[in-house]
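Engineer: Sharing a structure here in structure tokens format.
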Amino acid sequence: MNRASNKIAPLAEYIFLCRSGSAPDTQIISDNVKHYLDQITAESGEEPSVEMAANLVKLINYNNKDHLVGAMLIAGWDRHGGGQVYGAPIGGTLMKEKWAIDGSGSTYIWGYCDNEFRDDMTREEAEKWVAEAIALAMTRDSSSGGSIRLITLDGTGAHHKYIQGDQVQQFVGDMPFPAGPPASLPLQGGAAGSMVVG
Amino acid sequence: MSGIGTGYDLSSTTYSPDGKIFQTEYAQKAVDNSSTVVGLRCKDGVVLACEKLILSKLLVEGSNRRIHNIDRHVGVAVAGLAPDGRMVANRAWDEAASYKRVYGEPIPGHVLCERVGSYVHMFNLYWSLRPYGAALLLAAYDKNGPALYAVDPSGTSLRYFGTAVGKARQAAKNEIEKLKLTELTAREAVIEAVKILYKVRDEDGKKFELDVSWVCDESGKVHQRVPAELLAEAERQAKAAMEDSDMDD
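Top to bottom, those sequences are chains L and G. Reading the first sequence from the start, the letters are residues 179 to 376 in my numbering. Reading the second sequence from the start, the letters are residues 11 to 259 in my numbering.
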């Protein structure tokens, strides 16, 4: 299975969607919202605002609440509002927040996020807060893990950071990251194993 | 009866040999013969002012409105056939409401103006419809600031610093050109607009009323009728200015 899937979808140059819940549902929602944002950009000649993207996600979630299971975060930067974060959970709520989390792993880190968040963090401090929160969730939630993708947005552009699995922060009691396959398994081409996998 | 457009003016789907669509031109005449409407975009807002001829003593004061609210931040003033203008204003209202519902934020002025323009233009395309005999002056204050737009019966929409439509539009535009709009506050622009309406109107003794609205910083970026005291002050200054110029004659 894929432990390295990209769950941050670009909706516009400075607007991104963080996906959790049903993968096909959130992918379709992401495609649709991107399409509508492209359309309104063509009509108005201006970059869309984060609020517009967030509202579109909410409309799809709310109007199709019987069928969709998409928990998403919309985060971005626009000229008039600066950096913004919106939570769009299942059902069709839309909430503008200072910070937002969702997904199964989020249940383990509400306390950490509440406690450690500061209004006046620098970019480095904010990135550290995020990476540490995600790492904690990856430790405890069996459905979370793999690697961390981090995108920082400001007026100068979108800056991507990738923290690969063995670089993720570890905590007391974490099993050490494996260096290779377990010693008990035969190496490929060994006498004990004769199955060939193409 | 033969007139200028004879033979080519029966349908909005017929061009004349010199490239005109006479039905559209005739619709424009309906606007040109209506009483004057003035729009001014000043430093911190937009002002709309209409001269309303009082058609009957039996009409309640303030009736026959020519300025309509489209959304909190947008208003339109109508010139030409009143019912036609109301149809277009209602469409603008629909566009603004659906934009807000879909995108979550107030419709930008330039998007609304283009949508209204496209709508009005559509009525110039089909044989079974007649062009709207109305022009709209659209005052908007969105996140990009205050803006004034005008949509005419052909569907052309343009953005203006200041403009006028209706009977005395040429005289009014001449007066507007004398103003330094970027230095005027909305309050000052209201007074100038009313002065202009008084100055350019036909002095035929007919009773008239003014519909004046603004959307500016002072109104909290909300489109509304100007406060009664401001309108009264503006009319007082306009009347005084008229008397001064009478004495000069």
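Where a beta carbon is used, it is the ideal one built from N, C-alpha and C, also for glycine. Only a predicted model underlies this, so the values are computations on that prediction, with no experimental measurement involved.
(1) Would you kindly report the start and end of the unbroken alpha helix (DSSP H) that includes H120/G?
(2) Would you check if the distance between the CB atom of S167/G and the CB atom of V126/G is smaller than 8 Å?
(3) Who are the near neighbours of V211/L in its chain, counting only those whose CB is closer than 8 Å to its CB and skipping five residues on each side?
(4) What is the rounded straight-line gap between the Cα of G90/G and the Cα of E71/G?
(5) Just to confirm, is the Cβ distance from A309/L to Q347/L under 8 Å?
(6) DSSP state of R179/G, grouped into three classes?
(7) Which of the residues in the stretch 198-226 of chain L, read from start to end, lie with their CB under 9 Å from any CB of chain G?
(8) Say whether chain L places a C-beta atom closer than 8 Å to the C-beta of E105/G.
(9) Between which two residues does the beta strand (DSSP E) harbouring E219/G extend?
(10) Please go through the same chain and pick out, in chain order, the residues whose beta-carbon is closer than 7 Å to the beta-carbon of G324/L, but skip the five residues on each side of it.
(11) In terms of alpha-carbon separation, which member of T300/L, P202/L and W277/L lies closest to I252/L?
(12) Could you work out which residue in S108/G, N43/G, S164/G and D221/G is closest to H78/G when comparing CA atoms only?
(13) Would you call R296/L buried or exposed, if buried means 16 or more other Cβ atoms sit within 10 Å of its Cβ?
(14) Below 8 Å, how does it come out for the stretch 164-182 of chain G and the stretch 116-136 of chain G: are there three or more Cβ pairs, yes or no?
(15) If we cut at 8 Å on Cβ distances, does K153/G have a partner in chain L?
(16) Taking 8 Å as the cut-off, decide whether the C-beta atoms of Y159/G and H83/G are in contact.
(17) Give the list of continuous beta strand (DSSP E) stretches no shorter than 3 residues that lie fully inside the stretch 214-257 of chain L.
(18) To which residues of the same chain is S198/L closer than 6 Å at the C-beta, ignoring the five residues directly before and after it?
(19) Whose C-beta lies closer than 8 Å to the C-beta of A304/L among residues of the same chain, with five residues either side of it excluded?
(20) Which bits of chain L does P118/G rub up against, with CB to CB less than 9 Å?
(21) Rounded to whole angstroms, what's the CA-CA distance from N184/G to P116/G? Just pull it up for me.
(22) Assign N184/L to buried or exposed, taking buried as 16 or more other Cβ atoms, counted over all protein chains shown, within 10 Å of its Cβ.
(23) Mind pulling the chain L residues with CB within less than 7 Å of Y159/G?
(24) DSSP on F171/G, reduced to helix/strand/coil?
Structural biologist: So, from the listed chains and residues:
(1) Position 110 of the second sequence, counted from the start, is the residue given in the question as residue 120/G. Element bounds for H120/G: G119 to M132.
(2) Your numbering for residue 167/G matches position 157 in the second sequence. Your numbering for residue 126/G matches position 116 in the second sequence. Yes, the pair counts as a contact, with Cβ atoms nearer than the cut-off.
(3) For the purposes of this step, residue 211/L is taken as residue 33 along the first sequence, with counting starting at 1. Cβ neighbours of V211/L beyond the five flanking positions: L189, L195, A231, L234, V235 and I238.
(4) Taking the first residue of the second sequence as 1, we reach residue 90/G at position 80. Taking the first residue of the second sequence as 1, we reach residue 71/G at position 61. If you take the alpha carbons of G90/G and E71/G, they lie about 21 Å apart.
(5) Stepping through the first sequence from its first residue, residue 309/L is reached at position 131. Stepping through the first sequence from its first residue, residue 347/L is reached at position 169. In this structure, Q347/L lies closer than 8 Å to A309/L by Cβ.
(6) The residue labelled residue 179/G in the question sits at position 169 within the second sequence. Correct three-state label for R179/G: helix.
(7) Y214, I218, E221, S222, G223, E224 and P226
(8) The residue you call residue 105/G lines up with position 95 of the second sequence. With 8 Å as the cut-off, E105/G does not count as an interface residue toward chain L.
(9) The residue given as residue 219/G occupies position 209 in the second sequence. Per DSSP, E219/G belongs to the beta strand (DSSP E) from F218 to C226.
(10) By one-based count along the first sequence, residue 324/L stands at place 146. Within the same chain, G324/L has close Cβ partners R181, A182 and G343.
(11) Translated into the one-based positions of the first sequence, residue 252/L becomes position 74. If we check each option's Cα against that of I252/L, W277/L comes out closest.
(12) Locating residue 78/G in the second sequence gives position 68, where the first residue counts as 1. Looking at the Cα atoms, D221/G is the closest of the given residues.
(13) Mapped onto the first sequence, residue 296/L falls at position 118. Its Cβ having fewer than 16 others within 10 Å, R296/L is exposed.
(14) yes
(15) For the purposes of this step, residue 153/G is taken as residue 143 along the second sequence, with counting starting at 1. Output row for K153/G: interface = yes.
(16) Numbered from 1 along the second sequence, position 149 holds the residue referred to as residue 159/G. Numbered from 1 along the second sequence, position 73 holds the residue referred to as residue 83/G. No, they are not a contact pair.
(17) 248-256
(18) Here the question's residue 198/L lines up with position 20 in the first sequence. Within the same chain, S198/L has close Cβ partners A249, D280 and G281.
(19) Within the first sequence, numbered from 1, the residue matching residue 304/L stands at position 126. Excluding sequence neighbours, A304/L sits near T330.
(20) For the purposes of this step, residue 118/G is taken as the residue at position 108 of the second sequence. In chain order: S222 and E224.
(21) For the purposes of this step, residue 184/G is taken as residue 174 along the second sequence, with counting starting at 1. For the purposes of this step, residue 116/G is taken as residue 106 along the second sequence, with counting starting at 1. Cα-Cα distance, rounded: 34 Å.
(22) Along the first sequence, one-based indexing puts residue 184/L at 6. With fewer than 16 other Cβ atoms within 10 Å, it is exposed.
(23) Taking the second sequence and counting its residues from 1, one reaches residue 159/G at position 149. What Y159/G touches in chain L: nothing, since even the nearest Cβ is about 14 Å away.
(24) As a first step, residue 171/G is located in the second sequence; it is residue number 161 there, counting from the start. Of the three classes helix, strand and coil, the one that applies to F171/G here is coil, per DSSP.
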